[in-house]
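Enquirer: I'd like to ask some things about the structure below.
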Amino acid sequence: MAKYIIGIDLGTTNSALAHCDVTTSEEKNQIEVRSIPQLVDPNEVAERTLLPSFLYIPGEFDFPNGSLALPWDLEPKLVIGELARKRGAEIPNRLVASAKSWLSYAAVNRSAPILPWQAPEDVPKLSPVEASSQFLQYLRTVWDSGEAGEKGQPALAEQDVFLTVPASFDEEARELTRRAAEQAGYDHVTLLEEPQAAFYAWLESQGDAWRHRIKVGDLVLVCDIGGGTTDFSLIMVSEENGELTLKRVAVGDHILLGGDNMDLALARFLQQRLEASGNRIDIWQLQSLWHQCRMAKEKLFESSKTQTRPITLLGKGTKLVGGTIKTELAREDLNQILVEGFFPKVASDELPARQRRVGFQELGLPYAADPAITKHLARFLSEQVRNSPEAAGIRSGGSGLACPTHILFNGGVMKAAVLRDRVVEVLNSWLRQEGFEALGTKQILEAPDLEHAVARGAAYYGMARRGRGVRIRSGASRTYYIGIESSMPAVPGMEAPLKALCVVSFGMEEGTEASIPDREFGLVVGEPAEFRFLSSSVRKQDQVGNLLEDWGDDIEERSPLQVTLKLDGQLGKIVPVRLETRVTELGTLEVWCVSRDGQRWKLELNIREKTKR
Amino acid sequence: MERPASEAFDRAVQMLALLQRDGRLIDFLAENITPYPDAQLGAAVRTIHEACRKVLEHYVKLEPILNSEEDQPVTVQGGFDPAAIKLLGNVTGEPPIRGVLRHKGWHVKEVNLPPLPQGSGRMVIAPAEVELS
């Protein structure tokens, strides 16, 4: 049995790995995001929690000798991660980027060595499958040879791996992903769709409080905007045998539009402004401009009080100060270019512009022509949902627009509150128009840690599947007992010993019942009696009906119930009864005492613990 | 040049190389800055400052020697190391010494340099860059 559940997000721009040790106590299923050592500069390996999904094929002269040494390989043939991305920005011909998007692009032969796309003859090439396999192999090597290896921990290939794929991946792209995993030596791989993983990441972050926010029948719009891609999907929350299941009822295209486009748009805007005032920007300064725009954008998004951020492009070569160009990014620029440019307020029938097709097309990734993400969303909720096989069951307005009840954000771009708010604003204007209620804060689902959410969610899903899944109904968070006074001769000065009868087992779900048919107890009726209740947070194996005599510190007593159970005016009698217990949907424990002639008495106790919201 | 084969030499070069790689400090120091107006110089300096700070934080953690406010009274206990604490002014009497802190001093807490490059890379502060079109 595998010791670890591993969730892997093989992202278009960044990959991540999260893991959970199943053998440690269930109390805290700690899901950890793993640090991934990688080359960040020649001669320098550093740990990062993300592995940029970039692969660089070194030519003879691209790196100094021996500067690519990794702890497990002194002379690797390929560079993967941050250094690949850095050096690839300088020598683009040797960089494989967006391998994942190529994996879903049916117009090319995805198993043929075509990447880097249109690179010169002398550059050895890989197929999108092989590139993806290389990333998985890298993660596997990191796991096997890192501290995991030293502590004698089992190899990754033996663990249960949950690998995420976009919901928009067709069967072939999924099959190719499986093949890439196989080639990388993974033996136990289950594919999971990213929007579902994102939802599970949100569940993890909520603890038990998720039941206050989501119920069966809800329709969740997952809005995932990352570095290079935008993916929309609709998930319906349902249930199977009391277990939460997520049904993906509609999925949009894998849109090649994302945070990188936004940063580039800002950079181009500033470049034009600088060139208009007589400055010349070369390609390296544009790179620096792009990078600084990204930093400035993040700062402006983070703190609403800041109105501008300075941008300084140092001169090239050794004319650093001499060539310095100064400018700034203002909040209005951000609003105009990003918010209005990529998230304009549009009506629900405004579809993305399609460029008029030129007869001959250069083959290459189909980048989105219209940068307005809100228009792509409109198209998704109208056209694409209409074409979904599940369309009939999807809540829609009069115009046929699908109307979600909740929205879940994922992807690095959605870290910016301003952008999330804009998406919600636009969506709400459509919902109101269709006659539905707007989404409030409770309907906006945000998992913390957006960059690692999919990997965490995949691991959480894996853990849930190991156990009984995520149960729709809350389960008792403790084991509950009632105190039964033992029948023993009186000893002066000593209380008759108390036995504990388990009436609610740990995890017993609200809305379920249990009975103890084979045993009778004496119920004191007709006079005031004290009904003692006990509970335990550590004895999780006790079953309803178990009678305990000795429990040390494991069981704690709660405040007793003082109650007089009536029996037809009779006073002070002991009636033999059998017990049935029920945990109601409101989280109350009902202990029903049933006499031989069918009379019933009820004891009630509130056992629902207040969860943090 | 006949290079002395010493690790100390290589590490000194490496420290400058890191400040150049991430902060462009050497380009800055090597340039003749006299012709430039303060505003332009200032903008460049802010960028270099931020970048070089990160280099220090990352690779060589520094700490003040006397961690209290400058221009405020401070007491120096007996047994101090004159290499770490330099006395100025009316230096007389025995420790403990009461005076005013004028400079906190700096000492190295940690050195976390990456592995040295191989061979002639150890003489390089910054490689020359040649662009092909």
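Residue numbers (the numbering used here), protein chains in the order written: chain D, 1 to 613; chain V, 614 to 746.
Just so it is clear, CB atoms sit at the ideal spot from N, CA and C, and this is done for glycine as well.
Predicted, not measured: the structure shown is a model, and the values here were computed from it.
If we define contact as Cβ-Cβ less than 8 Å, is residue 318 of chain D a contact residue for chain V?
Expert: What you label residue 318 of chain D is simply residue 318 of the first sequence in a count that begins at 1. Cβ-Cβ to chain V under 8 Å: yes for residue 318 of chain D.
Enquirer: I want to verify the contact list: residues of chain D whose CB lies under 9 Å from the CB of residue 641 of chain V, in sequence order.
Expert: Looking up residue 641 of chain V in the second sequence gives position 28. Counting only Cβ-Cβ distances below 9 Å, residue 641 of chain V has contacts in chain D at 314, 320 and 321, in chain order.
Enquirer: Rounded C-beta distance between residue 523 of chain D and residue 577 of chain D? I'm assuming under 8 Å.
Expert: Indexing the first sequence from 1 puts residue 523 of chain D at position 523. Indexing the first sequence from 1 puts residue 577 of chain D at position 577. Beta-carbon to beta-carbon, residue 523 of chain D and residue 577 of chain D are separated by about 5 Å, close enough to satisfy the 8 Å threshold.
Enquirer: Which residue or residues does DSSP assign as beta-bridge partners of residue 312 of chain D?
Expert: For this step, residue 312 of chain D is matched to residue 312 along the first sequence. Beta-bridge pairing links residue 312 of chain D to D:326.
Enquirer: Out of D:548, D:412 and D:360, which has the shortest C-alpha to C-alpha gap to residue 263 of chain D?
Expert: Mapped onto the first sequence, residue 263 of chain D falls at position 263. When only C-alpha atoms are compared, the closest one is D:412.
Enquirer: Using a Cβ-Cβ cutoff of less than 6 Å, which residues in the same chain neighbour residue 635 of chain V once the five nearest sequence positions on both sides are dropped?
Expert: By 1-based counting over the second sequence, the position of residue 635 of chain V is 22. Taken in chain order, the residues that qualify are 664 and 668.
Enquirer: Determine whether the beta carbon atoms of residue 226 of chain D and residue 479 of chain D lie at a separation below 8 Å.
Expert: Here the question's residue 226 of chain D lines up with position 226 in the first sequence. Here the question's residue 479 of chain D lines up with position 479 in the first sequence. At the C-beta level, residue 226 of chain D and residue 479 of chain D stay beyond 8 Å of one another.
Enquirer: Which class does residue 494 of chain D belong to by DSSP, given the choice of helix, strand or coil?
Expert: Reading the first sequence from its first residue, position 494 is the one you call residue 494 of chain D. Residue 494 of chain D falls in the strand class under three-state DSSP.
Enquirer: Check each candidate in D:228, D:585, D:579 and D:131 and name the one with the smallest Cα separation from residue 603 of chain D.
Expert: Taking the first sequence and counting its residues from 1, one reaches residue 603 of chain D at position 603. Among D:228, D:585, D:579 and D:131, the Cα nearest to that of residue 603 of chain D is on D:579.
Enquirer: Identify, in the order they occur along the chain, each residue of the same chain with its Cβ nearer than 6 Å to the Cβ of residue 247 of chain D, setting aside the five sequence neighbours on each side.
Expert: Numbered from its first residue, the first sequence carries residue 247 of chain D at position 247. Here the set comprises 236 and 238.
Enquirer: Whose CA, out of D:390, D:131, D:69 and D:203, lies closest to the CA of residue 234 of chain D?
Expert: As a position in the first sequence, residue 234 of chain D is number 234, starting the count at 1. A check of alpha carbon separations from residue 234 of chain D across D:390, D:131, D:69 and D:203 identifies D:390 as the nearest.
Enquirer: Three or more beta-carbon pairs under 8 Å between the region 447-462 of chain D and the region 184-196 of chain D, yes or no?
Expert: Contact annotation: the region 447-462 of chain D touches the region 184-196 of chain D, with at least three C-beta pairs closer than 8 Å.
Enquirer: Between the alpha carbons of residue 572 of chain D and residue 531 of chain D, how many angstroms are there, rounded?
Expert: Along the first sequence, read from residue 1 onward, the residue named residue 572 of chain D stands at position 572. Along the first sequence, read from residue 1 onward, the residue named residue 531 of chain D stands at position 531. Taking the straight line from one Cα to the other gives about 15 Å.
Enquirer: The alpha helix (DSSP H) with residue 428 of chain D in it runs from where to where?
Expert: Counting from 1 along the first sequence, the entry for residue 428 of chain D is found at position 428. 417-433 is the span of the alpha helix (DSSP H), which, as asked, contains residue 428 of chain D.
Enquirer: Residue 183 of chain D to residue 99 of chain D, Cα distance in whole Å?
Expert: Position 183 of the first sequence, counting from 1, holds the residue named residue 183 of chain D. Position 99 of the first sequence, counting from 1, holds the residue named residue 99 of chain D. Cα to Cα, the separation comes out at about 16 Å.
Enquirer: Using a C-beta to C-beta distance shorter than 7 Å, which residues of chain V count as neighbours of residue 64 of chain D?
Expert: Taking the first sequence and counting its residues from 1, the one referred to as residue 64 of chain D is at position 64. The contacting residues are 730, 731 and 734.
Enquirer: Can you look up residue 613 of chain D in the DSSP assignment and give me helix, strand or coil?
Expert: By 1-based counting over the first sequence, the position of residue 613 of chain D is 613. Its pLDDT being 37, under 50, residue 613 of chain D is placed unreliably in this model, and the value from its coordinates should be taken loosely. Correct three-state label for residue 613 of chain D: coil.
Enquirer: Measuring only between beta-carbons, confirm whether residue 241 of chain D sits less than 8 Å from chain V.
Expert: Residue numbering aside, residue 241 of chain D sits at position 241 when the first sequence is read from its first letter. No, no contact with chain V.
Enquirer: Counting only runs that start and end within the region 182-250 of chain D, where is the beta strand (DSSP E) found for 3 or more residues in a row?
Expert: 189-193, 219-225 and 230-240
Enquirer: Which runs of the alpha helix (DSSP H), 4 residues or longer, sit entirely within the region 6-64 of chain D?
Expert: none
Enquirer: With 7 Å as the C-beta to C-beta threshold (strictly closer), list the residues of the region 659-687 of chain V near chain D in chain order.
Expert: Flagged, chain order: 659 and 660.
Enquirer: Pull out every residue of the region 647-658 of chain V whose Cβ sits closer than 7 Å to any Cβ of chain D, in chain order.
Expert: Correct list: 649, 653, 654, 656 and 657.
Enquirer: In angstroms, rounded to a whole number, what distance separates the CA positions of residue 367 of chain D and residue 253 of chain D?
Expert: Along the first sequence, one-based indexing puts residue 367 of chain D at 367. Along the first sequence, one-based indexing puts residue 253 of chain D at 253. Cα-Cα distance, rounded: 12 Å.
Enquirer: Helix, strand or coil: how does DSSP classify residue 562 of chain D here?
Expert: The residue you call residue 562 of chain D lines up with position 562 of the first sequence. Note: residue 562 of chain D maps to strand in three-state DSSP.
Enquirer: Alpha carbons only, please: which of D:467, D:585 and D:529 is nearest the one belonging to residue 243 of chain D?
Expert: If you number the first sequence from 1, residue 243 of chain D lands on position 243. Ranking D:467, D:585 and D:529 by Cα distance to residue 243 of chain D puts D:467 first.
Enquirer: If you draw a straight line from the alpha carbon of residue 499 of chain D to that of residue 551 of chain D, how long is it in whole angstroms?
Expert: For this step, residue 499 of chain D is matched to residue 499 along the first sequence. For this step, residue 551 of chain D is matched to residue 551 along the first sequence. Their backbone Cα atoms lie some 9 Å apart in a straight line.
Enquirer: In this structure, how does DSSP classify residue 745 of chain V when only helix, strand and coil are distinguished?
Expert: For the purposes of this step, residue 745 of chain V is taken as the residue at position 132 of the second sequence. Coil at residue 745 of chain V, not helix or strand.
Enquirer: Assuming residue 127 of chain D contacts residue 113 of chain D under a Cβ cut-off of 8 Å, what Cβ separation, rounded to an integer in Å, is found between them?
Expert: Indexing the first sequence from 1 puts residue 127 of chain D at position 127. Indexing the first sequence from 1 puts residue 113 of chain D at position 113. Confirmed, about 5 Å.
Enquirer: For residue 326 of chain D, return the contacting residues in chain V, with the cut-off set at a CB-CB distance below 8 Å.
Expert: For the purposes of this step, residue 326 of chain D is identified with residue 326 of the first sequence, where counting begins at 1. Those within 8 Å of residue 326 of chain D in chain V are 652, 653 and 656.
Enquirer: Taking DSSP's pairing of strands, which residues face residue 506 of chain D in a bridge?
Expert: Start at 1 with the first residue of the first sequence, and residue 506 of chain D comes out as number 506. None; residue 506 of chain D has no bridge partner.
Enquirer: Quick one: is residue 342 of chain D buried, meaning 16 or more other Cβ sit within 10 Å of its Cβ, or exposed?
Expert: Within the first sequence, residue 342 of chain D is the residue found at index 342, counting from 1. So residue 342 of chain D ends up on the buried side.
Enquirer: At least one CB of chain D closer than 8 Å to the CB of residue 727 of chain V: is that the case?
Expert: By 1-based counting over the second sequence, the position of residue 727 of chain V is 114. Yes, contact with chain D.
Enquirer: Give me the Cβ distance between residue 230 of chain D and residue 373 of chain D, rounded to the nearest whole Å; I'm assuming they're in contact under 8 Å.
Expert: In the first sequence, the residue the question calls residue 230 of chain D occupies position 230. In the first sequence, the residue the question calls residue 373 of chain D occupies position 373. That pair is a contact at about 6 Å.
Enquirer: From residue 681 of chain V to residue 702 of chain V, what distance separates their C-alpha atoms?
Expert: Here residue 681 of chain V refers to the residue found at position 68 when the second sequence is read from its first residue. Here residue 702 of chain V refers to the residue found at position 89 when the second sequence is read from its first residue. Their backbone Cα atoms lie some 20 Å apart in a straight line.
Enquirer: Indicate whether at least one CB of chain V lies closer than 8 Å to the CB of residue 67 of chain D.
Expert: Against the first sequence, residue 67 of chain D aligns to sequence position 67. Output row for residue 67 of chain D: interface = yes.
Enquirer: Anyone know if the C-beta pair for residue 168 of chain D and residue 251 of chain D falls short of 8 Å?
Expert: Residue numbering aside, residue 168 of chain D sits at position 168 when the first sequence is read from its first letter. Residue numbering aside, residue 251 of chain D sits at position 251 when the first sequence is read from its first letter. Cβ distance < 8 Å, so residue 168 of chain D and residue 251 of chain D count as in contact.
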